[in-house]
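Protein chains in written order, with the numbering used here: chain Y, 36 to 348; chain V, 130 to 1190.
Here is the structure:
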């Protein structure tokens, strides 16, 4: 309790700066992705700063509709979820302000807090009364539950090997060169992690939630103005946070801001490039996908972790 | 007063009756009734004087034993005579109504026979003379044939003839035996014969001759006692003779024969027949109960039951005689059987329906009759507090400590079979009126059945003084209030709930005074769970009182039994509380609108769980345990088997995968408020059992065994994990809100089971935390759903929608509930998940951890569906007028919400309690609680308050943003949504709700094809087929029966003669 109450205003200011920076970076990556995708499809595409324009426009819209209490609150849930998760992850080891509130809990807290934002979005979608929004939530939850399985298995393998749930501890255990990154220390669990990350980022072929042209844009169908702006910002920082988590768990974390930015970008692009090649799955195909190969890799990863632990002792 | 009067008065009345009859039928009936009443009153008045074991021996004509006939009158005789007189009076009463007379002819002529029957029985009970025994036996037998034949059913005549046929054989054998015994010993006095056989020793009488003599007597009596395989004619008798007559026969002829056999035990002792009798009795108990499964006729089913219960008594009799089992225990079984069976037979007779199908719904309109039938059934299957329970408990405990411990298995197996057919019968009585096949048209008075129900209950309660502890005041307050409310069920429901609340509060205060509420003790911890749950459910009930009249009283009885269970000081207290909980909750489940069938299943599985638990306790008792603390001293195979049996029992009761099939229906079909209690509190009782015994077993176990990764708990851990994932998956696919929560509840208990299975301090802390958390959440969720069902009148989620606008308080309750249950920070569920994963990884149960993580994500599916489909989306036009739940109801929920918020911010407060509770047994806490509120474990850390502060801070900032900096918003109409230029159709058509996770179902199709339900159905079919095959053994043909008798005698001869050595 004291740890929270003792926080000084300066630290909170640093955190706020870090959050703003992360949102900006998230939006920038969004712009880059649109550009990259356009080039792959032989289009010119929007400028990379287009997301900034979009968000600014939304925030300055003067009127909006609302469907009820939850419709109103959902963007708040979404943003709090995105920022909260970012704050719980130490982005750059040992740098004040970029460790956020990670003293509150370990990697399990991060993983479970991810659902907070999703839940908020889903509730808002429900309140809007739009069938497409709800269909998207049904798909999203189905897919989420299935990619969480290989991801959990990879995480369990990781924790079994490094002996801690603390993200700081996990980063420490990977220190000392690329060979110590968990992705290479236990490649089986690493593959499970990489594949489940695809689901987490929800680019094609796993973009069944927003599913453009299919169920307009899914959950936020009814949203506009500040609400949608908040959601977009939340989504931007959420993407950064997820990538940062992946970086910390599998790619040895980061020791400087540029390193963090590069690693996050690379992780992001992994999902984007896969998405550029594969067309969208149907919902049940996506669920089945994660319950097959990624899960087998995850199980094998645990077995490998146990074997290595056994050999080490 | 002279006991001879108990023979002389009915005999005199029998002679007078033809004369008195000239004054009219009414006078004749009056005389008979007076006679029975006199005998009953005289014996009952005598009982207190006999309580201390006083014994009165009367020598007729003043001649001592060798010449005169000695009668003995002690407590046992008095009780049996009282039963026979009471049964005679009852049968008389049952058929005295006009309708009854029509159904049971025989009229006044029959009364003479009834009087003679009582004469014979009383004589048979008291006599100490062998030849006299034969004479009275003949009187009784002839009276039985005569009564059987006076009925106007032709089946009765035929059955009576077959019965006489075999009876004649028995009589002949007995007579030959007696004659030869007289030749050998020179006396007819039973005591004299026994003495001469004892004193003379082996050489005094020729052993072979003695063997032959005893064989004749033995065989003759076994025919009289109708053991397997000689029970055919007796069972046929039930089918053809009026149940009132059969009730009389049970209480007179049968009891007297049993007692006569008991008196001859000293003579049989000359040859050790213990094993022979145990085999015959045990086989009768199991087989008769098995064959009864296939009976479609109620009376015949009761006949099988009689045969079975007699078999149990025959099995225990030699042990009682040798002192291995207390004779009182066997006596209690006999008394219990007489009272309950006579009551049931009158019941069956007065209701008058022959087949089980006709019973369907016949009692729908008469709750008092249902309750009475339930009491009689509970008595006969040996549930506490009825005398049968005490008899069975004492007998089984004695068996467990003696050399015959394995015989417990057939007793428990037979008892479980007995459960099946009795509760199936009871189930039909609970079928709602609209499904009824026939209406109730009583052909006789139900008063005697009710009276015997009350007597058997009273007798049981008198025996329950063994359970007195410091919490007895609270138990009595609750039980007393429960009984009062049961009677006062007509009062307004709100008042009844208010009184219930007062009773719960008062008992809580008493328990506090008695010091039973210290949260760091196991008892106090679970007692608080019980009281908290009961309090909130009853408080909510003031808002929406259940409409069932008996609900209120039964609920308090259940709470009373839970207090008894949780405060148990010894194995007996625990098991009695456990069984009381079982049947009170069974009756509550049956209170549901369609609760009959689910309640039946609930009872079967609970019964099986109870017998497994009993088995575990008996193993421990056999190893010398007396108190619960002694379980720590168990070692070796005894400890292992105790743990396995108890674990299996608790797993069944916790509805673990495989045995879960009872739970969804029971949770769904129970009264809505009771579902909350069932899930919030009752589902914690198996966990209480695990904690209570597990702590001791762990404390006494080898640390190396417990400490290893794959210790004794590993299998249980997998069971819990499979339960968690299986039930969670099924929950996601339900359309019924209560059913969804039911599956969820079962799945969540799986988590706790995994935690306990770890057998580490951290695992137990996790499980206990989860237990409390789950209780609060499930109470909240089930109450909210109860409120919604109450207002909308449907349970199907897709028929609701958009209710957030009508019931905002319920929406908030469900929102808090689902966030807390799903484990999303910052609410309380997260700490539970966090603890359990840490515990699992610490123990290196990686795969189970993976399964649980998967399950906990699937849980989002059903939780979101619960809130979305009911409260969000499109409001249905027919729900435009729906109102919020009453204020009191919301207050009860607010209590729960506060509890969740408190636990969310300060989980360390609860962890402090749980670690203090388990640390003494493990020698370690497993969790470090830092001064700043952080929880530290070996692998990770959590500061719940910090998380809450962060989330609340962020939330405040952004909420202020949308509130003050956000755009001006306009509320739009329900159907005012973006539909690509189309006009949205009606709300029903765009509420995406039915089959919500269709893609998921498709993806999991191969897994979902596995059906445990189908597996159990097949098992039931096989059992039924076996019963059917066995049942055909009784062809109804006198020649076959005679063949069985011959074969049986042959085998008995070999068995008896081989014992001669």
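We put the beta carbon where it would ideally sit given N, CA and C, even for glycine. Being a predicted model, the structure only gives us computed values, none of them experimental.
Residue 1098 of chain V: member of the beta strand (DSSP E) spanning 1097 to 1100, first to last residue. 7 angstroms or more divides the Cβ of residue 767 of chain V from the Cβ of residue 777 of chain V. Nearest Cα to residue 748 of chain V within the set V:774, V:243 and V:731: V:774. Interface criterion met: the Cβ of residue 963 of chain V is under 7 angstroms from a Cβ in chain Y. Residue 1007 of chain V: not part of any alpha helix (DSSP H); DSSP gives it neither H nor E. The Cβ of residue 118 of chain Y sits closer than 7 angstroms to at least one Cβ of chain V. With a cut-off of 8 angstroms on Cβ pairs, the stretch 687 to 696 of chain V is not in contact with the stretch 734 to 743 of chain V, counting fewer than three such pairs. Cβ neighbours of residue 337 of chain V within its own chain (closer than 6 angstroms, five residues either side excluded): none. Residue 877 of chain V is outside the set of residues whose beta carbon lies under 7 angstroms from a beta carbon in chain Y. At a Cβ-Cβ threshold of 7 angstroms, residue 319 of chain V and residue 398 of chain V do not count as neighbours. Residue 1031 of chain V has a beta carbon lying at 7 angstroms or more from every beta carbon in chain Y. Distance from the CA atom of residue 273 of chain V to the CA atom of residue 529 of chain V, rounded to whole angstroms, is 39 angstroms. DSSP places residue 1060 of chain V in no alpha helix (DSSP H); its state is neither H nor E. Secondary structure remark: continuous alpha helix (DSSP H) runs of at least 4 residues inside the stretch 101 to 181 of chain Y, in chain order: 104 to 123 and 142 to 163.
Contact residues of the stretch 1106 to 1120 of chain V toward chain Y are 1106, 1107 and 1119 (C-beta to C-beta distance below 7 angstroms).
Shown here for residue 295 of chain Y: same chain residues with a beta carbon closer than 6 angstroms to its own, the five before and five after excluded, namely 126, 127 and 289 in chain order. In the DSSP assignment, residue 186 of chain V falls within the beta strand (DSSP E) that extends over 185 to 188. Within chain Y, 164 have C-beta atoms less than 8 angstroms from the C-beta of residue 1003 of chain V, given in sequence order. Each of V:709, V:600 and V:874 was checked against the Cα of residue 635 of chain V, and the nearest Cα belongs to V:600.
Just so you know, the alpha carbons of residue 936 of chain V and residue 919 of chain V end up roughly 12 angstroms apart.
In terms of Cβ geometry, residue 799 of chain V and residue 721 of chain V form a close pair [threshold 7 angstroms]. Counting only runs of at least 4 residues, the stretch 648 to 701 of chain V fully encloses the following alpha helix (DSSP H) elements, listed from N- to C-terminal order: 651 to 672 and 680 to 695. For residue 200 of chain V, there is no enclosing alpha helix (DSSP H); the enclosing beta strand (DSSP E) covers residues 199 to 202. Nearest to residue 143 of chain V by C-alpha distance, out of V:172, V:191 and V:240, is V:240. Judged by beta-carbon spacing, residue 336 of chain Y lies within the 7 angstroms limit of residue 224 of chain Y, meaning their Cβ atoms are closer than that value.
Residue 101 of chain Y is classed as buried because its beta carbon has at least 16 other beta carbons within 10 Å across all chains shown. A residue is called buried when at least 16 other Cβ atoms come within 10 angstroms of its Cβ; residue 236 of chain Y meets this threshold and is buried. If you compare the alpha carbons of V:480, V:1141 and V:476 with that of residue 787 of chain V, the shortest gap goes to V:1141.
Within the same chain, and ignoring the five residues on either side of residue 471 of chain V in sequence, the residues whose Cβ sits closer than 7 angstroms to its Cβ are 216, 219, 376, 379, 380 and 581. One Cα belongs to residue 271 of chain Y, the other to residue 911 of chain V, and the distance between them is close to 38 angstroms. For residue 401 of chain V, the three-state secondary structure derived from DSSP is coil. Taking a C-beta cut-off of 8 angstroms against chain Y, the contacting residues of the stretch 981 to 993 of chain V are 982, 983, 986, 987, 989, 990 and 993, listed in chain order.
Check the Cα spacing between residue 1102 of chain V and each of Y:257, Y:314 and Y:323: the tightest is with Y:257. Taken through DSSP and simplified to helix, strand or coil, residue 825 of chain V comes out as helix.
Excluding five sequence positions before and after residue 149 of chain Y, the CB atoms of its chain that fall closer than 7 angstroms to its own CB belong to 120, given in chain order. The shortest CA-to-CA distance from residue 699 of chain V to any of V:598, V:781 and V:730 is the one to V:598.
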